[in-house]
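First comes the structure, then the notes that go with it.
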Amino acid sequence: MFLGTVVYALINSVILALLAIGFNLTFGISGVANFAYGALYILSAYLSWMLLNLVGLPFLLAALISILLTMLFGALMYRFVLLRVRGQALSEVIATFGIGLAILEMFRYMGFVGFEYTLPVFSDHSLMIAGAYVDMQRILIVVIGVILILGLWVFTHHTSLGLAFRGIAQDERTALSLGIDSDRIATLSVSLGAGLAALAATIIIPLGSISPGEGYDVLIKALAVCIIGGLGSTGGVIVASFVIGFAERFTDSYISSHWTMIVSLAAILLVLTIKPSGLFGKQKELEERI
Amino acid sequence: MPKRKERIDRGIKARSGDIFALSSWREMLYLSGPRLLPVVGCLLLPLVLGIYWQKVLLAVGVFALLAISWDILAQSGMISLGQALFFGMGAYCAGILNHYGGLPPLITIPLAALGGGLICTALLLPVLRLRGIYFSMVTLIIPLTLVRLIEATKIFGGTEGLSGMTPLPSRWLELYLIMAALLGALFGFRRLMSSDFGLVLKGINDNDRSVMNAGINIYWFKAQALFISSAIGAFCGAFMTHVYMFVGMPVFALDYSILPIAAAVVGGPGTLAGATLGAFILVPLSEILRGIGGLRIVLYGLFLVIFIVALPEGIFHYIQRKYHQFERWVEVE
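Protein chains in written order, with my numbering: chain A, 1 to 290; chain B, 1001 to 1333.
Okay, here's the thing in structure tokens:
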């Protein structure tokens, strides 16, 4: 029981990290808090589902197309909405929240709710790890999650585009004077964040089903992880995912599943009260927050 | 030849606005008209409407108050995405007082407004230091979590909620109570926001560091603004509890968070009058569009985006500008 809980808590942590990393990337680079994040996650899942079941494409192709479309949507959202309210945090939040709301409620209105709305798993097999059955899908999530986080680290530290991303994040004016087009980079960052949400949806959704309500949960989980870890810091996101992931899974096993969400909220409030910069936030985060 | 738009104050504004040398009925009407319009409207509308639209007017009043409460917070630099917290807290306070304590509505409503306001303020005190979107994130999360908490602990009726509240004595009392509250809040808080107290709050929104530099404890002022705003929200919740004769988990629903923001953004943030105007536009509109069901929230979302991008000042500021100024195209020299 205990070891099994630990294994599942590990998997849960990786899922949380996957959910949060796109939100964190966008916010860390362009400073846009993308409150449409959960909606993009659900949008890509429904796109995959439609391409798969209504058009009849093979799953990998459908997933790829839906990830690309979601990225395109993110870029368009930045170009036509966010660019006009850039720098006004309030307007950005309200605009992205409005877009997310419209997307999620649109799907709810169209009646896309039920257990048939799910994506196929890659493999039905399961493995025995530490006395607990773990199916291949969850192992795949862990593998992809680890690869993605490592890949992202390499991307932001060792490619010129990634360095440009970090330059904009650190000081937009100086980056501009070095010939980095901040609007182009910010578009890319929103688009990339949307793509990461879509990728997360492609591999996480097969564990459950697609529903509009899930979109709000994803947004809240991403916010929780980012607040606790310190927005914009990748290391913080990973640690925060583990904190929340373990806390959630252990409350689920030993108390009751109703309390999982409440534990995350309590964690957020505690962190914001005691250490407002987040677990790994630096001086810059502290200045932003209080 | 490029042209630009020139805006010039109307003569009547210059004469009647600044100097207060009113010399004709026309100038007096010019000044008092915009203020008389909502007063007369709110007092007469209940008399001319049918029963169905009276219910709509009730909802308009409640959402206008919620929008005013959102606007007061927003003017103090706190963007709330969870007005439902205030609304729900007031609703549950009134429900509990009435259900377990057996108090009549005219006592529970003021008690719940104060109590709900105090509880919400206490709940948000630890995060009062947070700025910008961090505060918004917390306010978005809290009401959603309270729903889960009620679900998990099954307190106060759990998922079923509490029903069988005492209704208010008469329909007319309901209507005129909410209209009086709306007018009182609109004019009272407009006055408050233009006083020195309001000036400090607006200063916190513009630049909190310099307000701190002036030796003012901004957290005390923020806490006061929070209490004012949450007490208004709690009043709405308590009122609706007695109108619906029911309180349950739906009081924390997203509707109560989104519609006030939409109303304030559409009407024009920063004036309170704009928030009221927005509620008077959006709520009847959504009632007309009732047939399309869930699509209403989609429309709110789109409204928000369109107004934020295309008319960020809001309808009220637009009308105000047209009322006070005339515009003409002049050549750029």
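Just so you know, even glycine gets a beta-carbon here, dropped at the ideal spot from N, CA and C. Quick caveat, the model's predicted, so the values are computed rather than measured.
Neighbour flag for residue i against chain B, beta carbons, 8 angstroms
i, result
"A:H258", "yes"
"A:Y109", "yes"
"A:M261", "yes"
"A:T273", "yes"
"A:I268", "yes"
"A:A89", "yes"
"A:V243", "no"
"A:I220", "yes"
"A:R84", "yes"
Contacts of residue i in chain A (Cβ-Cβ under 7 angstroms)
i, result
"B:M1137", "L223, I227"
"B:A1152", "S256, H258, W259, I262"
"B:T1381", "Beyond the ends of chain B as shown, which are 1001 and 1333, falls residue 1381 of chain B; an answer cannot be given."
Of the listed residues the options, nearest to residue i (C-alpha basis)
i, options, result
"A:Y133", "A:L272, A:K275, A:V6, A:T273", "A:V6"
"B:S1229", "B:L1045, B:G1082, B:L1029, B:P1046", "B:G1082"
"A:T118", "A:A33, A:S253, A:G98, A:I42", "A:I42"
"B:L1182", "B:L1289, B:I1258, B:F1239", "B:F1239"
"B:H1099", "B:I1292, B:A1185, B:T1241, B:G1270", "B:T1241"
"B:R1171", "B:G1117, B:L1047, B:A1279, B:L1199", "B:L1047"
"A:I149", "A:A20, A:A9, A:L47, A:N12", "A:A20"
"A:G28", "A:I262, A:A169, A:I205", "A:A169"
"B:I1109", "B:V1243, B:F1316, B:K1222, B:G1184", "B:V1243"
"A:E214", "A:G162, A:L152, A:G100", "A:G100"
"A:S256", "B:R1148, B:K1005, B:L1057", "B:R1148"
"A:N305", "A:L219, A:V243, A:L54", "This structure cannot speak to residue 305 of chain A, because chain A is shown only from 1 to 290."
"A:G208", "A:I15, A:F2, A:G4", "A:I15"
"B:A1264", "A:I94, A:G31, A:A89, A:L10", "A:I94"
"B:L1339", "B:F1235, B:Y1318, B:I1178", "Outside the shown range of chain B (1001 to 1333) lies residue 1339 of chain B, about which nothing can therefore be said."
"B:G1077", "B:Y1134, B:R1328, B:I1204, B:Q1224", "B:I1204"
Under 9 angstroms by beta carbon: chain A residues contacting residue i
i, result
"B:Y1300", "G98, L101, A102, E105"
"B:L1304", "I94, A95, F97, G98, I99, L101, A102"
"B:I1079", "A89, L90, V93, I94"
Beta carbon proximity, residue i to chain A, threshold 8 angstroms
i, result
"B:E1313", "no"
"B:R1026", "no"
"B:T1271", "no"
"B:I1204", "no"
"B:L1129", "Before going further, note that residue 1129 of chain B is Arg rather than Leu in the sequence given. Closer than 8 angstroms to some Cβ of chain A, the Cβ of B:R1129 qualifies, so yes."
"B:R1148", "yes"
"B:L1295", "yes"
"B:L1066", "no"
"B:V1048", "no"
"B:V1283", "no"
"B:I1216", "no"
"B:I1109", "no"
Per-residue burial, residue i [other beta carbons within 10 Å of its own, 16 or more giving buried]
i, result
"B:Q1075", "buried"
"B:M1193", "buried"
"A:I147", "exposed"
"A:Q137", "buried"
"B:R1290", "exposed"
"A:Y37", "buried"
"A:P212", "buried"
"B:R1296", "buried"
"B:I1051", "exposed"
"B:W1070", "buried"
"B:L1277", "buried"
"B:I1232", "buried"
"B:K1222", "buried"
"A:L188", "buried"
"A:M154", "For clarity, residue 154 of chain A is Val in the given sequence; the question names Met instead. It is exposed - the Cβ of A:V154 has fewer than 16 other Cβ atoms within 10 Å."
"B:R1026", "exposed"
Residues bridged to residue i [DSSP beta-bridge criterion]
i, result
"B:A1325", "First, the amino acid is wrong: residue 1325 of chain B is Gln here, not Ala. For B:Q1325, which the question treats as bridged, DSSP gives the partners B:D1009."
"A:E92", "Per DSSP, none; premise fails for A:E92."
"B:S1163", "B:F1246"
"B:K1003", "B:E1331"
Where residue i meets chain A, residues with beta-carbon distance less than 8 angstroms
i, result
"B:T1159", "Neighbours of B:T1159 on chain A: none; closest Cβ ~11 angstroms, over 8 angstroms."
"B:I1261", "I94"
Proximal chain E residues relative to residue i, where beta-carbon distance stays under 8 angstroms
i, result
"B:P1126", "Judged by its chain identifiers, the structure shown contains no chain E, and its protein chains are A and B."
Contact set between residue i and chain B, taken where Cβ atoms lie within less than 8 angstroms
i, result
"A:L265", "I1141, I1142, T1145"
"A:A164", "Those do not exist, as A:A164 stays about 24 angstroms from chain B at its closest Cβ, beyond 8 angstroms."
"A:V113", "Here the premise fails: no neighbours, minimum Cβ distance about 11 angstroms."
Beta-carbon neighbours of residue i, restricted to chain B and to distances below 9 angstroms
i, result
"A:A63", "Near A:A63 there are no residues of chain B at all, since even the closest Cβ is about 26 angstroms away, more than 9 angstroms."
"A:V146", "Within chain B, no residue comes near A:V146; the closest Cβ sits about 28 angstroms away, beyond 9 angstroms."
Amino acids of chain B, ordered along the chain, whose beta-carbon sits closer than 7 angstroms to that of residue i
i, result
"A:A33", "I1133"
"A:A291", "The displayed coordinates of chain A run from 1 to 290. Any statement about residue 291 of chain A would go beyond what the structure contains."
"A:P276", "R1129, L1130"
"A:V81", "V1305, V1309"
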